[in-house]
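Asker:
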Amino acid sequence: MSIKLRPAKLEDIEKILQMQKEAFNELLKKYQDYDTNPANESYDDILFRFNQPETTYYFIETDETDVGVIRIVDFKDSKRKKRISPILITTKYRGRKYAQQAILEAERIHGKSCWQLETILQEPGNCYLYEKMGYKRTGKMQVINDKLTLVFYGKE
């Protein structure tokens, strides 16, 4: 099945929040990264980013069903890298290559080069996805706590 990215509207923030909580709750319990995990964010956190001119939230949609969300930060200037933060697929729809398709579609819309993102080093499936999509480790890492380290990726 193919996906499309549908831009979210202001009235969709509550839905984005609920999807984030559902998608990231298991990781929050596992890693206890209360300050960085999207499951722990508030409506106001999402609203703040939603209102940034460089941010676009998209619903990842297939057959008119929202299966996930991807936030793209694009300053539309060649000096700054574009960013994926976060991308999520709700639990029910995982394992169907929707994240991979969403990244390809985001790159089609926003350009194929100059991207950055980070993910959890201890989640090999996440690392595999980004590496499969052509993202390379930058060498930068950030220890969040004794259970979780973020690893940074880029795609030129």
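The sequence shown begins at 24 in my numbering and counts up one residue at a time. All C-beta atoms, glycine included, are put in the ideal place defined by N, C-alpha and C. Computed from a predicted model, the values in this text were never measured in an experiment.
Rounded to whole angstroms, what's the CA-CA distance from residue 65 to residue 40? Just pull it up for me.
Answerer: Whole-angstrom Cα-Cα distance: 7 angstroms.
Asker: With distances taken from CA atoms, which of 166, 155, 160, 29 is nearest residue 89?
Answerer: When only C-alpha atoms are compared, the closest one is 29.
Asker: For residue 178, count the other beta carbons within 10 Å of its own beta carbon; 16 or more makes it buried, fewer makes it exposed. Which is it?
Answerer: It is buried - the Cβ of residue 178 has at least 16 other Cβ atoms within 10 Å.
Asker: Output the residue ranges of the beta strand (DSSP E) runs that lie fully inside the stretch 65 to 139 and measure 3 residues or longer, sorted by chain position.
Answerer: Entirely contained in the stretch 65 to 139, the beta strand (DSSP E) runs reaching 3 residues are, in chain order, 78 to 85, 88 to 96, 105 to 112.
Asker: Measure the alpha-carbon distance for residue 82 versus residue 122 and round it to whole angstroms.
Answerer: So the two alpha carbons sit approximately 11 angstroms from each other.
Asker: Assuming residue 165 is part of the beta strand (DSSP E), what are its boundary residues?
Answerer: Where residue 165 is concerned, the enclosing beta strand (DSSP E) stretches over 159 to 166.
Asker: What's the C-alpha gap between residue 150 and residue 71?
Answerer: Cα to Cα, the separation comes out at about 28 angstroms.
Asker: Please report the residue range of the alpha helix (DSSP H) in which residue 152 lies.
Answerer: Segment 147 to 155, the alpha helix (DSSP H) holding residue 152.
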